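Visitor:
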Amino acid sequence: MPHKVTLIPGDGIGSEITAAVVRIIEASGVEIEWESFIAGAEALTRFGDPLPEPVLDSIRRNKVALKGPLTTPVGSGFASVNVRLRKTLDLYANLRPVRNLPGLVTPFGDLDLIVVRENTEDLYSGLEHVVIPGVVESIKIITEKASTRIARFAFEYARREGRKKVTAIHKANIMKLSDGLFLDCFRKVAAEYPEIEADDKIVDNTCMQLVMKPQQFDILLLENLYGDIVSDLAAGLVGGLGICPGANIGELGSVFEAVHGSAPDIAGKNIANPTALLQSGVMMLQHLGERQAADLIARATIHTLSEKKIRTRDLGGTAHTTEYTEAIVASMKELSA
Ligand code: ATP
């Protein structure tokens with residue numbers, strides 16, 4: 495029986511990188527029946543809603559989706575479809591592994607960090623209003639329920655994957671109530687996992703420490719906004735947004751997507767790096783129990799980057815998206831011969 499997976503190609507570079515990932519996953523031999531949907535600005539024009547109900551129904555049914563980036567208009571326009579999707583399906587945990595790919599030399603050496611970001615509240619609650627002209631209020635929501643749930647997710651992940659430490663990142667010196675609650679919940683949950691080290695750090699110091707001594711971190715646990723910002727910073731430590739994958743996980747399903755956005759500056763040029771989405775696809779295959787295919791794709795990616803030295807421009811190479819994709823497919827054939 496083929497796996498049924500919802501596919502959202504997305505905006506900007508989305509269609510180019512999802513085509514690459516679908517091509518590579520299909521070449522791995524895994525049978526997937528893709529249910530493809532338009533979302534974002536085009537869906538708003540065509541169907542009157544940037545996140546049409548059939549997309550959500552498909553994910554609810556299949557419980558697994560692979561998603562390209564969706565553009566969020568800046569300053570005005572519709573609310574973020576990415577945020578709406580995470581909230582509607584209660585995909586409360588955003589899991590973002592940050593790892594070096596062998597063969598890519600970076601100034602920060604070998605890194606293996608996991609960013610766990612709370613996905614449903616904080617300043618992403620979308621509660622903003624004009625108090626009086628010239629004065630705007632944005633409301634930060636932090637709840638005991640969501641903070642406890644995400645802390646437990648991080649510690650369960652640590653236990654399952656044999657990780658040593660979880661660090662809660664916060665600004666509880668300034669936001670004593672909201673970040674204070676997040677930290678309290680973290681400490682209570684940490685007490686249930688005595689074999690895993692638990693500590694905490696102020697977010698600004700964390701940013702400095704990440705570029706000075708990143709190896710001191712193992713799992714970073716963050717609220718939604720800090721998680722967004724620190725993820726991009728962490729991506730920069732290992733070679734950039736082009737290689738960092740992610741998963742949005744909840745009880746109702748999981749949506750796999752890259753950390754990066756729709757990169758409109760390079761869209762339509764066949765130069766985007768599909769590795770981040772491909773690595774998200776590898777996480778998806780592991781989730782589906784397709785370990786052999788996941789492993790083959792992961793090895794072929796490393797082989798292409800480090801042995802063949804075929805890379806897209808963001809990694810210092812000259813390969814187009816399609817050339818790089820075919821090189822990975824060829825590597826898969828070589829490695830499985
Ligand atoms: P969002 O707000 O949606 O997260 P963003 O503002 O973080 O988006 P991105 O779209 O992620 O912006 O792009 C940031 C920079 O990284 C851009 O210069 C873009 O070209 C580059 N970039 C992002 N993804 C890729 C990729 N897959 N391949 C090559 N370059 C990329």
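Position one of the sequence shown corresponds to residue 495 (this note's numbering), numbered consecutively onward.
Here a beta-carbon is modelled for each residue, glycine too, at the ideal position from N, C-alpha and C.
Quantities reported herein were computed from a predicted structural model and do not represent experimental measurements.
Does the separation of the CB atoms of D798 and I518 fall below 8 Å?
Guide: The sequence shown places Thr at residue 798, not Asp. Contact: no.
Visitor: Near the ligand ATP, which residues have their beta-carbon closer than 5 Å to a heavy atom?
Guide: The set, ordered by position in the chain, is L735, G736, H754, G755, A757, D759, I760, A766, N767 and D808.
Visitor: How many angstroms separate the CA atom of D616 from the CA atom of E828?
Guide: In a straight line, the C-alpha of D616 is about 47 Å away from that of E828.
Visitor: Can you tell me whether DSSP reads R805 as helix, strand or coil?
Guide: Here R805 sits in coil by DSSP.
Visitor: Considering L727, what are the terminal residues of the alpha helix (DSSP H) in which it resides?
Guide: Counting along the chain, the alpha helix (DSSP H) containing L727 begins and ends at N718 to L731.
Visitor: For A741, which residues in the same chain have their Cβ closer than 6 Å to its Cβ, ignoring the five residues on either side in sequence?
Guide: L589, S748, F750 and M777.
Visitor: Would you report the Cα separation of C679 and V629, rounded to the nearest angstrom?
Guide: Spanning the two alpha carbons is a distance of roughly 32 Å.
Visitor: Just the Cα atoms here: how many angstroms apart are G744 and V823?
Guide: Computed Cα separation, rounded: 32 Å.
Visitor: Give the straight-line distance between the Cα atoms of A821 and S570, rounded to the nearest whole angstrom.
Guide: Roughly 41 Å between the two C-alpha positions.
Visitor: With a 10 Å radius around its C-beta and 16 neighbouring C-beta atoms as the bar for buried, classify P503 as buried or exposed.
Guide: By the 10 Å Cβ count, P503 comes out buried.
Visitor: When you compare each of V697, T642 and T539 to F572 by their alpha carbons, which one comes out closest?
Guide: Nearest C-alpha to F572: T539.
Visitor: Among E817, P567, P708 and S672, whose alpha-carbon lies nearest the alpha-carbon of V592?
Guide: Of E817, P567, P708 and S672, the residue nearest in Cα terms is P708.
Visitor: Just the Cα atoms here: how many angstroms apart are T769 and L719?
Guide: Rounded to whole angstroms, T769 to L719 spans 24 Å at the Cα level.
Visitor: So T614 and Y586 are supposed to be a Cβ contact under 8 Å. How far apart are they, rounded?
Guide: T614 to Y586, Cβ: 5 Å. Contact.
Visitor: CB E817 to CB E717, shorter than 8 Å?
Guide: Not a contact, by the Cβ cut-off of 8 Å.
Visitor: Helix, strand or coil for E510 per DSSP?
Guide: The answer is helix: DSSP assigns E510 an H, G or I state.
Visitor: So which of V499, I608 and S522 has the shortest CA-CA distance to K561?
Guide: Out of V499, I608 and S522, V499 has the C-alpha closest to the C-alpha of K561.
Visitor: Output the boundary residues of the beta strand (DSSP E) element that contains P548.
Guide: Not the beta strand (DSSP E): P548 falls in the alpha helix (DSSP H), residues E547 to N556.
Visitor: Roughly how many angstroms lie between the CA atoms of V610 and I553, to the nearest whole one?
Guide: If I take the Cα positions, the gap works out to 22 Å.
Visitor: Which first and last residues belong to the beta strand (DSSP E) in which E751 is found?
Guide: Where E751 is concerned, the enclosing beta strand (DSSP E) stretches over S748 to E751.
Visitor: According to DSSP, is L621 helix, strand or coil?
Guide: Three-state DSSP puts L621 in coil, outside helix and strand.
Visitor: If you compare alpha carbons, which of P627, M702, I713 and K670 is closest to R646?
Guide: Minimum Cα distance to R646 is reached at I713.
Visitor: Which same chain residues, not among the five before or five after A794, have their C-beta less than 7 Å away from its C-beta?
Guide: If we look at A794 and ignore the five residues flanking it on each side, its Cβ neighbours are I822, S825, M826 and L829.
Visitor: Is DSSP giving S530 helix, strand or coil here?
Guide: Strand at S530.
Visitor: Between which two residues does the beta strand (DSSP E) carrying T661 extend?
Guide: Per DSSP, T661 belongs to the beta strand (DSSP E) from K659 to H664.
Visitor: May I have a chain-ordered list of the beta strand (DSSP E) segments no shorter than 3 residues that lie completely inside the stretch 748-798?
Guide: Counting whole runs of 3 or more residues, the stretch 748-798 contains the beta strand (DSSP E) stretches 748-751.
Visitor: For V732, which residues of its own chain have a beta-carbon under 8 Å away from its beta-carbon, when the five flanking residues on both sides are left out?
Guide: Excluding positions up to five away in sequence, the list reads V592, R593, N594, L595, L598, T600, F602, L605 and C738.
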